[in-house]
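Participant: The numbers in the UniProt record's numbering rise by one with no breaks, and the one at position 121 of the sequence shown is 131. Glycine is no exception: its CB is placed at the ideal position from the N, C-alpha and C atoms. Just so we're clear, the structure is a prediction, and the values are computed from it rather than from any experiment.
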Amino acid sequence: GPYGAQRRHASKHRFFAVELSQALFDFVIQRLPTQEEMAVKEDVRKLLERLIRTIEPDSRLLSFGSTANGFSLRNSDMDLCCLIDSDERLSASDMVTMLGDLLERETKFNVKPLPHARIPIVKLSLDPSPGLPLGIACDIGFENRLALENTRLLMCYAMIDPTRVRTLVLFLKVWSKRRSINSPYQGTLSSYGYVLLVIYFLIHVKNPPVLPNLQQMPPLRPISQEDTHIGGHNTWFFDDIELLRQRWQSSNTDSVADLLIDFFRYYSRDFTYNTGVASIRGGLLKKESKGWQNEASSRYNDSRERNRFCIEDPFEIDFNVARCVTKEGLYQIRGEFMRASRILAMRPRAVAALAQLCEE
Ligand code: 3AT
Ligand code: MG
Numbered sequence: 011g012p013y014g015a016q017r018r019h020a021s022k023h024r025f026f027a028v029e030l031s032q033a034l035f036d037f038v039i040q041r042l043p044t045q046e047e048m049a050v051k052e053d054v055r056k057l058l059e060r061l062i063r064t065i066e067p068d069s070r071l072l073s074f075g076s077t078a079n080g081f082s083l084r085n086s087d088m089d090l091c092c093l094i095d096s097d098e099r100l101s102a103s104d105m106v107t108m109l110g111d112l113l114e115r116e117t118k119f120n121v122k123p124l125p126h127a128r129i130p131i132v133k134l135s136l137d138p139s140p141g142l143p144l145g146i147a148c149d150i151g152f153e154n155r156l157a158l159e160n161t162r163l164l165m166c167y168a169m170i171d172p173t174r175v176r177t178l179v180l181f182l183k184v185w186s187k188r189r190s191i192n193s194p195y196q197g198t199l200s201s202y203g204y205v206l207l208v209i210y211f212l213i214h215v216k217n218p219p220v221l222p223n224l225q226q227m228p229p230l231r232p233i234s235q236e237d238t239h240i241g242g243h244n245t246w247f248f249d250d251i252e253l254l255r256q257r258w259q260s261s262n263t264d265s266v267a268d269l270l271i272d273f274f275r276y277y278s279r280d281f282t283y284n285t286g287v288a289s290i291r292g293g294l295l296k297k298e299s300k301g302w303q304n305e306a307s308s309r310y311n312d313s314r315e316r317n318r319f320c321i322e323d324p325f326e327i328d329f330n331v332a333r334c335v336t337k338e339g340l341y342q343i344r345g346e347f348m349r350a351s352r353i354l355a356m357r358p359r360a361v362a363a364l365a366q367l368c369e370e
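This is the structure in structure tokens:
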């Protein structure tokens, strides 16, 4: 009868979800960095720190981005930030120029200083060699404290529910790279942008939520303004994850596969790209309320407007993380969300489905 058909349907779906979840774990695990790769990167960081200290003895070189937040894949690049603890320090662009010269002289890296970029950095790379078959790519910036904090925020979210959050994020990173929609220079979205989309979805779209909103939880004790602000931006969030785990449990029991299917459905069908702003701090906001309507500005022609796709940075709330996404880029990204939804709706065998999703 009709109930039997419904039950068969539900049990078929469960079978697909179990199989797909397992395939997702396997897929991601195969692409994690090896112990050896992580050790090499740490050695590189130490070497660079020693060299920088010959210019600025009071400096520290810290890792941020994927090498520090738990969302790193094999051969991902390394993001490093130099903090200088003395009061009289050179400007970031002078540091970039000096460090560029020093590294050029003292190391085998290919060195490219970008002292005049919005965020001045030195780009470094090592070509592949037998010991390092994929080479290494690394960016060094200065005093980028907000990036260190947003790295820590993402790491905390990863720690709350490591299995589901990391599996989703890592899969989407591989998928977006293979489908060529992970390139801000070509009008699509950075990895950081995709991570924010996942976290936004897990906090604000899923009901019950998979993650709590760490930026809106009450602090344990009163905190002073200066402890919570960097350059005028409120960077406070609840970061005692051990305590959080004792006090907060998600009642959402969806499998990773269920979440992935819903993620693709939400961003292909439901997210309001024309008017909405995805904010992990504040939920779904309106472009209008942030002054982010996408009028073509005088400097950019139609295909290069700024606010086609809006993702609010967790701390720098005036900053649209997706501002590089062009009209074509957004069309491509949404097309990929739809394609992924379509593939998963056909419930093919899981391993084949992942291969097809990530087809280059
Ligand atoms: P990959 O493994 O390199 O693909 P990732 O997690 O390292 O991914 P990105 O390289 O995109 O991510 O970014 C590295 C860090 O730089 C993440 C964040 O702390 C900072 N960052 C990147 N893009 C932005 C942005 N648009 N606004 C603010 N911070 C950003
Ligand atoms: Mg990176």
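Please state whether the Cβ-Cβ distance between GLU153 and PHE325 is less than 8 Å.
Facilitator: Their beta carbons are not under 8 Å apart, which means GLU153 does not touch PHE325 by this criterion.
Participant: Say the cut is 7 Å; is the CB of ASP328 nearer than that to a heavy atom of the ligand 3AT?
Facilitator: Checking every heavy atom of the ligand 3AT against the Cβ of ASP328, none is found closer than 7 Å.
Participant: At 4 residues or longer, what runs of the alpha helix (DSSP H) sit wholly inside the region 23-102?
Facilitator: DSSP runs (the alpha helix (DSSP H)) wholly in the region 23-102: 45-65, 76-79.
Participant: List the endpoints of the continuous alpha helix (DSSP H) containing SER299.
Facilitator: Where SER299 is concerned, the enclosing alpha helix (DSSP H) stretches over 297-300.
Participant: CB THR198 to CB GLN342, shorter than 8 Å?
Facilitator: In contact: THR198 and GLN342 (Cβ atoms closer than 8 Å).
Participant: Can you grab the Cα-Cα spacing for the pair LEU224 / SER299, in whole Å?
Facilitator: Using only the alpha carbons, I get a separation of about 23 Å.
Participant: Measuring only the C-alpha atoms, how far is GLU29 from GLU98?
Facilitator: The alpha-carbon atoms of GLU29 and GLU98 are separated by roughly 58 Å.
Participant: Roughly how many angstroms separate the alpha carbons of ASN85 and THR245, rounded to a whole number?
Facilitator: Cα to Cα, the separation comes out at about 30 Å.
Participant: Have a look at TYR202 and CYS320 and give me their C-alpha separation to the nearest angstrom.
Facilitator: Rounded to the nearest angstrom, the two C-alpha atoms are 13 Å apart.
Participant: If we call anything under 8 Å between Cβ atoms a contact, is ALA168 one with ASN79?
Facilitator: Taking 8 Å as the Cβ cut-off, ALA168 and ASN79 qualify as a contacting pair.
Participant: Okay, do the region 184-198 and the region 125-143 touch, 3+ Cβ pairs below 8 Å being the bar?
Facilitator: Verdict: no, contact absent.
Participant: Just mark ARG24 as buried or exposed, buried being the case when its beta carbon has 16 or more other beta carbons within 10 Å.
Facilitator: The residue in question, ARG24, is exposed, as its Cβ has fewer than 16 Cβ neighbours within 10 Å.
Participant: How big is the Cα-Cα spacing for LEU42 and ASN217?
Facilitator: Approximately 30 Å between the Cα atoms of the pair.
Participant: Report whether the distance from the Cβ of GLY75 to the nearest heavy atom of the ligand MG is below 7 Å.
Facilitator: At least one heavy atom of the ligand MG is nearer than 7 Å to the Cβ of GLY75, so yes.
Participant: Using three-state DSSP, classify LYS337 as helix, strand or coil.
Facilitator: The answer is helix: DSSP assigns LYS337 an H, G or I state.
Participant: Following a CB-centred definition, is ASP323 positioned closer than 7 Å to any heavy atom of the ligand MG?
Facilitator: Because no heavy atom of the ligand MG lies under 7 Å away, the Cβ of ASP323 does not count as near it: no.
Participant: Quick check on ALA350: does DSSP put it in helix, strand or coil?
Facilitator: Residue state, collapsed to three classes: helix.
Participant: Flag this pair as yes or no: are the beta carbons of ILE65 and LEU112 separated by less than 8 Å?
Facilitator: For ILE65 and LEU112, yes; Cβs fall inside 8 Å.
Participant: Quick check on this structure: which residue in MET88, LEU134, ASP95, ASP87 has the alpha carbon closest to the alpha carbon of LEU109?
Facilitator: Among MET88, LEU134, ASP95, ASP87, the Cα nearest to that of LEU109 is on LEU134.
Participant: Provide the residue(s) that pair with ALA147 in DSSP beta bridges, ordered along the chain.
Facilitator: BP columns for ALA147 point to SER135.
Participant: Which stretch, first to last residue, makes up the beta strand (DSSP E) that contains ALA288?
Facilitator: ALA288 -> beta strand (DSSP E) spans 286-289.
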